[in-house]
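Novice: For reference, the structure I am asking about is given below.
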Amino acid sequence: MRECGGPADLDADILDVSFKELGLDSLAVLEMGARVERDYGIEVPDDAMEELKTPRQTLDFVNHRLSAA
């Protein structure tokens with residue numbers, strides 16, 4: 112998130128804060144999905160990233176994909 116996002120304080124408890132509130136626009140969220148695909152070798156469809164609204168939802172999604180791989 113640090114590399115894809117805006118100037119938000121990512122050291123705080125942000126798991127349930129929306130990406131919008133964190134200063135991330137839709138392009139940054141899609142870039143985050145692309146980085147996860149590249150770094151972890153799992154498929155992260157753009158439409159799935161558009162549905163995920165918080166870091167916690169994203170972590171849950173990625174962990175589920177990793178455990179299924």
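Sequential numbering from 112 applies to the sequence shown in our numbering.
The C-beta atom is built at its ideal place from N, Cα and C for all residues, glycine as well.
For clarity, every value in this text was computed on a predicted model and none was experimentally measured.
Between the C-alpha atoms of L135 and E161, what's the straight-line distance to the nearest angstrom?
Specialist: C-alpha separation (whole angstroms): 12 Å.
Novice: I'd like to know whether the C-beta atoms of D124 and T165 end up nearer to each other than 9 Å.
Specialist: Contact flag unset, no.
Novice: Judging by CA-CA distance, which residue of L138, V173 and A139 is the nearest neighbour of E154?
Specialist: The option with the nearest alpha carbon to E154 is V173.
Novice: Shortest alpha-carbon distance to G144 belongs to which of A180, K131, S178 and D158?
Specialist: Nearest option by C-alpha distance: D158.
Novice: Give the single residue among Y151, R167, P156 and T169 whose Cα lies nearest to the Cα of L195.
Specialist: In the structure as shown, the chain begins at 112 and stops at 180. Residue 195 is therefore absent and cannot be evaluated.
Novice: So, for V140: in the same chain, excluding its five sequence neighbours on each side, which residues have a beta-carbon less than 7 Å away from its beta-carbon?
Specialist: Within the same chain, V140 has close Cβ partners F130 and M160.
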